[in-house]
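For the sequence shown, the working numbering begins at 56 and goes up steadily by one.
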Amino acid sequence: MEISLLTDVGQKRTNNQDYANQFVNRSGKTLLVLADGMGGHRAGNIASEMAVTDLGAAWVDTQIDTINGVREWFAQHLEAENRKIHEIGQGDEYKGMGTTLEALVLIDQQAIYAHIGDSRIGLIRGDRYTQLTSDHSLVNELLKAGQITVEEAERHPQRNIITQSIGQKDEIQPDFGIVSLEAGDYLLLNSDGLSNMISNSEIYDIVTSDLSLAEKTQTLIRFANNAGGLDNITVALVRVDKEEEA
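See the structure below:
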């Protein structure tokens with residue numbers, strides 16, 4: 056398994072409110088966390104970095120090595136982090152702070168993930184890109200209800216309004232998922248600064264190219280910036296090796 060993480064401020068923003076990192080626990084299991092913060096001034100920066108760092112610090116002290124164990128750990132720690140960030144966000148300095156969050160743990164030939172917000176996790180296998188997560192956003196709710204079309208969703212003026220985040224007053228309802236991995240698979244975690252700028256087909260073409268893993272993450276961000284770079288762009292790309300699968 057190989058992992059490449061990269062973040063970029065983009066072309067229009069003056070600060071980067073995205074944050075991502077990887078952590079290994081005492082059983083040698085890897086946790087990836089990617090967050091896209093929101094809030095005025097530095098609040099978004101603080102929320103995303105805090106969520107990632109807090110979860111990572113808690114993970115490295117565990118010996119969890121089962122899918123069920125990770126699922127229980129996610130449920131406990133994500134809600135604890137939600138309450139913590141919500142409380143800090145009641146003060147004037149960090150008013151309204153919050154963050155999306157994608158968390159993924161690799162257990163042997165499986166990955167279990169938790170999803171809150173409109174950042175995404177995708178699987179690239181064979182000849183297709185499959186989005187594993189469903190955006191927690193107003194536009195996606197309208198789309199699922201049949202009130203707007205895909206084309207209308209792509210240019211909807213309220214497409215950045217999310218319906219769940221770490222830091223909200225109410226208890227969060229994360230989406231959890233498990234995917235079995237095969238040799239040659241790629242997992243992609245990304246903030247919406249990527250998916251709002253380039254298509255899934257472009258993502259697929261880059262990820263399945265002959266570039267190195269690090270060059271693929273760099274190319275994904277370059278394409279998003281060339282398309283306008285309207286937001287911060289963060290990607291975490293995982294490759295499942297043939298040797299590891301065997």
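Beta carbons: idealized from backbone N, C-alpha and C, even for Gly.
Tell me the residue span of the beta strand (DSSP E) that contains residue i.
i: residue 289; result: 288-294
i: residue 238; result: Looking at the DSSP string, residue 238 is not in any beta strand (DSSP E), and its letter there is neither H nor E.
i: residue 191; result: That residue, residue 191, is in no beta strand (DSSP E); it is neither H nor E in DSSP.
i: residue 185; result: 183-186
i: residue 75; result: 73-79
For residue i, tell me which candidate among the options has the shortest Cα-Cα distance.
i: residue 281; options: 65, 293, 125 and 110; result: 65
i: residue 218; options: 241, 190, 243 and 94; result: 190
i: residue 93; options: 159, 279 and 173; result: 173
i: residue 287; options: 84, 59 and 99; result: 99
i: residue 160; options: 126, 264 and 262; result: 126
i: residue 59; options: 260, 255, 113 and 271; result: 271
i: residue 72; options: 256, 246, 250 and 238; result: 246
i: residue 80; options: 237, 294, 185 and 128; result: 128
i: residue 290; options: 248, 256 and 283; result: 248
i: residue 154; options: 148, 141, 162 and 164; result: 141
i: residue 103; options: 124, 123, 133 and 181; result: 133
Assuming residue i and residue j are in contact, meaning their beta carbons sit under 8 Å apart, how far apart are those beta carbons, in whole angstroms?
i: residue 82; j: residue 118; result: 5 Å
i: residue 146; j: residue 222; result: The Cβ separation is near 12 Å, so there is no contact.
i: residue 285; j: residue 258; result: 17 Å between Cβ atoms; not a contact.
i: residue 107; j: residue 74; result: 5 Å
i: residue 88; j: residue 156; result: 7 Å
i: residue 292; j: residue 268; result: 6 Å
i: residue 136; j: residue 110; result: 6 Å
i: residue 225; j: residue 57; result: Not a contact, Cβ separation roughly 38 Å.
Does DSSP put residue i in a helix, in a strand, or in coil?
i: residue 68; result: coil
i: residue 223; result: coil
i: residue 58; result: strand
i: residue 90; result: strand
i: residue 178; result: strand
i: residue 216; result: coil
i: residue 165; result: strand
i: residue 245; result: strand
i: residue 171; result: strand
i: residue 99; result: helix
i: residue 109; result: helix
i: residue 140; result: helix
i: residue 156; result: strand
i: residue 231; result: strand
i: residue 301; result: Because the pLDDT of residue 301 is 32, which lies under 50, any placement of that residue in the model is unreliable, and the question is left without a value.
Which residue marks the beginning of the alpha helix (DSSP H) containing residue i, and which one marks its end?
i: residue 255; result: 255-262
i: residue 251; result: It is not in any alpha helix (DSSP H) - residue 251 carries neither H nor E in the DSSP assignment.
i: residue 269; result: 268-281
Q: Decide yes or no for the touch test of the segment 217-236 against the segment 165-183: beta carbon pairs closer than 8 Å, at least 3 of them.
A: The segment 217-236 vs the segment 165-183: in contact.
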